[in-house]
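> Could you have a look at this structure, given as structure tokens, before my questions?
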Amino acid sequence: MTWDELTNIRPRTSAFFASVALTAVTGCGVTSAEGSDDVTYAGISTSSDAADAVVKVSSGIHDLIEVEGKPSDGSPGVQGCAGKDREKYFKIFHAWSFYPASAADLDVAMENLKEGLPKQGWKIVQYGPDTSANRNVVLIADNDGRRAGVHIAQMKKRNPPKLSLTVVAGCYQVPDGQEVEHF
Numbered sequence: 013m014t015w016d017e018l019t020n021i022r023p024r025t026s027a028f029f030a031s032v033a034l035t036a037v038t039g040c041g042v043t044s045a046e047g048s049d050d051v052t053y054a055g056i057s058t059s060s061d062a063a064d065a066v067v068k069v070s071s072g073i074h075d076l077i078e079v080e081g082k083p084s085d086g087s088p089g090v091q092g093c094a095g096k097d098r099e100k101y102f103k104i105f106h107a108w109s110f111y112p113a114s115a116a117d118l119d120v121a122m123e124n125l126k127e128g129l130p131k132q133g134w135k136i137v138q139y140g141p142d143t144s145a146n147r148n149v150v151l152i153a154d155n156d157g158r159r160a161g162v163h164i165a166q167m168k169k170r171n172p173p174k175l176s177l178t179v180v181a182g183c184y185q186v187p188d189g190q191e192v193e194h195f
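For the sequence shown, the numbering used here assigns the number 13 to the initial residue and increments by one for each residue that follows.
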């Protein structure tokens, strides 16, 4: 599946995956190493329009990878905002993976992201190995202009090796008279 085909998939995901994805990517900006529930207000939008915007953010991040490979077919999902009415407020997340043509390209891809994201308005808030046994390199960044955050983990010891990415938008409010579409 191509990236263009991926961006046209109707959003869907499980509640379990939503909670796993958002655990690492919420905080005082949109992402945080500390894991706070204080998420940036992203504006007024329908769930579908917000999901489309998050997929465009993911596509821009994909473009920064700049190595040959294939993205997974992950689709955006909806999760409630902590302490807010889940019929009126929501966050969008988009979890996906990137599989490089060569495992050696993982380091190049991660370096391209580390250098490219700040040039696109992203602020890197964490970069380095995590505390897992595999010592996966993790990059966490916020983009205040897009009211989004990204958590990227380089997973060299997976078969196949990959980058695991989760993009999360801040907390949206649906337009008056509408409810959140949960997918």
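Don't be surprised by glycine CBs; every beta carbon is placed ideally from N, CA and C.
Assuming H74 and V179 make a contact with CB atoms under 8 Å, what is their CB distance in whole Å?
Contact flag wrong, Cβ pair sits at about 10 Å.
> Under the rule that 16 or more other beta-carbon atoms within 10 Å means buried, what is S144, buried or exposed?
exposed
> Determine the DSSP secondary structure at V79, reduced to helix, strand or coil.
coil
> According to DSSP, is H74 helix, strand or coil?
helix
> In chain order, which alpha helix (DSSP H) runs of at least 4 residues are fully inside the region 52–140?
59–77, 117–131
> Give the straight-line distance between the Cα atoms of P83 and I77, rounded to the nearest whole angstrom.
11 Å
> Below 8 Å, can you find three or more Cβ-Cβ pairs linking the region 91–101 to the region 121–134?
no
> Hey, E193 and S87 are a contact pair by Cβ (cut 8 Å); roughly how many whole angstroms apart?
Contact between E193 and S87 is absent: CB atoms are separated by about 13 Å, not below the 8 Å threshold.
> In angstroms with no decimal places, state the Cα-to-Cα distance between T38 and S70.
For T38, the predicted model reports a pLDDT of 41, less than 50, meaning its position is unreliable; a value from the coordinates is still stated below. If you take the alpha carbons of T38 and S70, they lie about 17 Å apart.
> Could you check where the beta strand (DSSP E) with K169 kicks off and where it finishes?
Unbroken run through K169: none, as it is neither H nor E.
> Leaving out five residues on either side along the sequence, give the residues of the same chain with a beta carbon under 6 Å from the beta carbon of G133.
N155, G157
> Quick one: residues in its chain with C-beta nearer than 7 Å to the C-beta of C93, no 5 flanking neighbours on either side, listed in chain order?
V51, Y101, F102, K103, C183.
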